[in-house]
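Chemist: Following this message is one structure expressed as C-alpha cells.
Residue numbers (my numbering): 14 to 457.
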C-alpha cells in the first residue's frame, strides 16, 4: 500500500527549502521531529477539505476497515465522539425532533461534553458498574416498547475500559427495528478489524464509530479514525467532515497524519499475522496465570484485566508492585488492574510480565465490594448545568448539591455523576471509593 502523506513529507523534509511558513521552528532541529513537522503548504492537502494526499490516505484506510468512508483525527477519539453526537443531532433535527440519545452509562466524559455542546438529551442505560455497561438487546427492546418518544440513536462503548465487548450485531437489530442510529465508541478496539474474524463495529453493523488508533496500533498519540458506514443516513455521510472541522483544530499535526498514513501500510502488510500470534500468546499467558489462581475479566483479546481483590490485592497495590519492576500499567483502581498489550510488546515483554506475576504471592481474597448507587436524580439538563455558575467544593460537603462539571480523571474518564444530577449519599461513597475529593457544583 502506498503512503502518500509520508512520501510527500519525506520529499519536503529533504528538499532544503527555505520555510517561510508555519511552524516557527522552520524545520531546524530542537527535538528531532521538526524537519517532518509542516503545515498546510501547497501539495500537503488540508485535513478538513481533503482532496489530495490526505484524502488518498484516508481512502486507503477506509478500504482496510471496510467502511463507506474513514476520516482522520489528530485529536484522538474525543474529536470523533463530538462529531458523532453532532451528526446524530443533525439527523434528529432533520426529522423535526429534539435530539435524544440512549447511551450506556459508562460513556467517556467527551460524550457528556458533546451533548452539552450540541444540546442533546440523554436517556441513560445503567450497567453492572460505572466502568461496564453490557447492554442486553432484548432488555433494550422491552424498554423501548414502553417509551412514547424513541431515541434517535443508541450510543455504546465497546470495548469498555475493562475489556468487555457489547453484542453489536444484536444491538443493530434493535436499532433497525426502531429506526435508531447505532453509534459506537470503539476507542480501545481499532485492532478488532484485523482478527481472523473481525469483531470491529463496522463489520458488525455500526452506522458510525471511532477508533483511537494510537491506543492499540503503532500510531502517535492523538491519531484516530472516524468511520462512516455506507448504509448510514445521507446527512451523516455528507456532513461527517463538516462535523470533524467543527470540533477540530485548523492546525492538525502532520506528524500524527504521517503516523496514521504509515500505519495503514503496516496493517495491509504483516499486521494480521502478528496480531494472531500475539492474541494466541496472551491467551496462553492468561491460561498459565489462571492455573496459578489469577482471575481475569473481559473478552478483548489484547487486554489483560486482573480482578485484584480476588487474589488479595487492590489494583493500586498490583500496579505499584509492577512499577517496581519497571512495568507500567494502563489503569488501576481498587478492584482492577488493566494492562494493554499489542504485537509491539513482543515475546520478551510478555515473558517479563509472566515472570513478575509468578513472583507475586496470591493472598486471601478481599471481600469488600465497590459501593452501589442508584441512578441520581436529574435536576437540570447536561447543557444547562455545564453552563451554570459553579463552585469547587469538597465532596464531603456536596450532598444535595447539583453537579456542574464531571471532573473525573483520565483514565478512565467515565463520570460517576453526570452534569445536572443531584449528588446523594451513595454518590459521595463512590467518590470517596475512587479517590475523588472535590467536585464542581452549581451555585445555589
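Note that the Cβ used here is the ideal one computed from N, Cα and C, for glycine as well.
Treat the numbers as computed from the prediction; the structure is a model and nothing was measured.
Once you ignore the five residues that flank residue 122 on each side, which residues in its own chain have a CB closer than 8 Å to its CB?
Modeler: Counting only Cβ-Cβ distances below 8 Å, and skipping sequence neighbours, we find 419, 421, 423, 426, 427, 428.
Chemist: Please report the residue range of the beta strand (DSSP E) in which residue 114 lies.
Modeler: Looking at the DSSP string, the run of the beta strand (DSSP E) that includes residue 114 is 113-117.
Chemist: Counting only runs that start and end within the stretch 29-89, where is the beta strand (DSSP E) found for 3 or more residues in a row?
Modeler: The stretch 29-89 contains these whole beta strand (DSSP E) runs: 82-86.
Chemist: According to DSSP, which residues form a beta bridge with residue 201?
Modeler: DSSP, once it has assigned bridges, lists no residue as partnering residue 201.
Chemist: Can you tell me the Cα-Cα spacing of residue 227 and residue 53, whole angstroms?
Modeler: Near 23 Å, if we compare the C-alpha coordinates of residue 53 and residue 227.
Chemist: Quick check on the burial criterion: 16 or more other C-beta atoms within 10 angstroms. Buried or exposed for residue 462?
Modeler: Any question about residue 462 goes unanswered here, given that the chain covers just 14 to 457.
Chemist: Three or more beta-carbon pairs under 8 Å between the stretch 190-199 and the stretch 75-82, yes or no?
Modeler: Because the criterion of three Cβ pairs below 8 Å is not met, the stretch 190-199 and the stretch 75-82 do not touch.
Chemist: Would you identify the three-state DSSP class for residue 452, choosing helix, strand or coil?
Modeler: Residue 452 falls in the strand class under three-state DSSP.
Chemist: Measure the CB-CB distance between residue 280 and residue 230 and report whether it falls below 9 Å.
Modeler: Yes. Within cutoff.
Chemist: Relative to the C-alpha of residue 379, which residue among 58, 183, 324 is closest?
Modeler: Nearest C-alpha to residue 379: 324.
Chemist: Could you check the C-alpha separation between residue 394 and residue 34 for me, to the nearest Å?
Modeler: Answer to the nearest angstrom: the Cα atoms are 45 Å apart.
Chemist: Flag this pair as yes or no: are the beta carbons of residue 276 and residue 249 separated by less than 9 Å?
Modeler: Taking 9 Å as the Cβ cut-off, residue 276 and residue 249 do not qualify as a contacting pair.
Chemist: When you compare each of 347, 342, 184, 316 to residue 329 by their alpha carbons, which one comes out closest?
Modeler: For residue 329, the nearest C-alpha among the options comes from 347.
Chemist: Pick from 65, 136, 370: whose alpha carbon is nearest that of residue 389?
Modeler: The option with the nearest alpha carbon to residue 389 is 136.
Chemist: Taking buried to mean at least 16 other C-beta atoms within 10 Å of its own C-beta, is residue 85 buried or exposed?
Modeler: With 16 or more other Cβ atoms within 10 Å, it is buried.
Chemist: Assuming residue 194 and residue 220 make a contact with CB atoms under 8 Å, what is their CB distance in whole Å?
Modeler: The pair is a contact, with the Cβ atoms about 5 Å apart (cut-off 8 Å).
Chemist: From the DSSP output, which residues share a beta bridge with residue 435?
Modeler: BP columns for residue 435 point to 415.
Chemist: Among 18, 319, 100, 170, which one has its Cα closest to the Cα of residue 71?
Modeler: The candidate whose alpha carbon is nearest that of residue 71 is 18.
Chemist: Between the alpha carbons of residue 148 and residue 65, how many angstroms are there, rounded?
Modeler: C-alpha separation (whole angstroms): 41 Å.
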